[in-house]
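Asker: Residue 44 in the working numbering sits at position 44 of the sequence shown, and the numbers go up by one each step. C-beta: ideal position from N, C-alpha, C; glycine also. It should be emphasised that the depicted structure is a prediction, and the values quoted were computed from it without experimental measurement. Could you have a look at this structure, given as structure tokens, before my questions?
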Amino acid sequence: MNRRTWLYVAPLLLLGLSSCALFQRQIHPRWTEGTVKCNSESVLYDVIHLSLENASYPVGMGADSGARQIVSGWFRSGAPFKGKGYRQRATVEYTPVANAETRGEFSIRVRVQREINESFRPLDPRYADWKEAEDNPQEGERVLQYIRSFLADGNFKVGPKGAKRFQ
Numbered sequence: 001m002n003r004r005t006w007l008y009v010a011p012l013l014l015l016g017l018s019s020c021a022l023f024q025r026q027i028h029p030r031w032t033e034g035t036v037k038c039n040s041e042s043v044l045y046d047v048i049h050l051s052l053e054n055a056s057y058p059v060g061m062g063a064d065s066g067a068r069q070i071v072s073g074w075f076r077s078g079a080p081f082k083g084k085g086y087r088q089r090a091t092v093e094y095t096p097v098a099n100a101e102t103r104g105e106f107s108i109r110v111r112v113q114r115e116i117n118e119s120f121r122p123l124d125p126r127y128a129d130w131k132e133a134e135d136n137p138q139e140g141e142r143v144l145q146y147i148r149s150f151l152a153d154g155n156f157k158v159g160p161k162g163a164k165r166f167q
């Protein structure tokens with residue numbers, strides 16, 4: 001190829017390579033949804049706060065009862081190999097159900113974001129290189145189950161049906 005051809009091909013080649021950045025992988029949020037019954041919104045807020053702490057997600061400044069959303073801090077899990085350590089952050093949103101037959105029904109959405117540590121020194125947090133990864137819906141289901149467990153009705157019947165005690 002002569003010099004003139006390179007002058008025409010080089011800008012086209014640079015444009016083509018720069019557009020490759022447009023095809024980067026996009027992470028779409030994956031929410032886990034459910035409904036719970038609770039008589040008080042403030043009790044539900046406290047239950048969500050407690051559930052996140054029991055699931056090992058630190059709750060701090062990301063908790064806003066006015067916005068009906070709680071964003072936890074990062075839960076870190078270190079590993080001695082590149083790409084194996086991760087951190088996760090939970091986001092819980094709740095809204096009252098508008099057409100609820102009974103008062104006190106809330107719709108809850110849980111999202112657990114995950115980032116992978118791509119550093120060559122993964123155990124040293126000063127050198128962490130966090131890359132966004134797919135959300136973790138299984139962990140979101142676990143957090144939602146903590147919330148459901150705290151709000152259980154308590155109408156449990158133990159023993160065989162029809163058994164009468166202290167006759």
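Between the alpha carbons of V92 and P125, how many angstroms are there, rounded?
Answerer: The alpha-carbon atoms of V92 and P125 are separated by roughly 27 Å.
Asker: Helix or strand or just coil, what does DSSP make of V59?
Answerer: In this structure, V59 counts as strand in the three-state DSSP scheme.
Asker: Where does L13 land, buried or exposed, given buried means 16+ other C-beta within 10 angstroms?
Answerer: Classification for L13: exposed.
Asker: What's the C-alpha gap between C38 and S65?
Answerer: Cα-Cα distance, rounded: 15 Å.
Asker: How about Y146 and S51: do their beta carbons lie closer than 8 Å?
Answerer: Yes, Cβ-Cβ distance for Y146 and S51 is below 8 Å.
Asker: Return the chain-ordered list of same chain residues with a C-beta closer than 7 Å to the C-beta of N117, the five sequence neighbours on each side being excluded.
Answerer: G85, Y86, A128, D129, W130, listed in sequence order.
Asker: In angstroms, rounded to a whole number, what distance separates the CA positions of R30 and A90?
Answerer: Each residue's alpha carbon lies about 12 Å from the other.
Asker: State yes or no: is the C-beta of V47 within less than 8 Å of the C-beta of L151?
Answerer: Yes, the pair counts as a contact, with Cβ atoms nearer than the cut-off.
Asker: Alpha carbon to alpha carbon, how far is Y57 from N136? Give it in angstroms, no decimals.
Answerer: One C-alpha to the other measures close to 14 Å.
Asker: Return helix, strand or coil for F75, following the three-state DSSP convention.
Answerer: Strand.
Asker: Between Q88 and E134, how many whole angstroms is the CB-CB distance? I'm expecting something under 8 Å.
Answerer: In fact, because the Cβ distance is near 11 Å, the residues do not count as touching under 8 Å.
Asker: Going by DSSP, what residues sit across from A133 in a beta bridge?
Answerer: DSSP lists R114 as partners of A133.
Asker: Check Q26 in the structure and name its three-state DSSP category.
Answerer: Three-state result, Q26: coil.
Asker: Could you compute how far the alpha carbon of H28 sits from the alpha carbon of A10?
Answerer: Rounded to the nearest angstrom, the two C-alpha atoms are 35 Å apart.
Asker: According to DSSP, which residues form a beta bridge with A106?
Answerer: The sequence as given places Phe at residue 106; Ala does not occur at that position. According to DSSP, F106 bridges with V36, P96.
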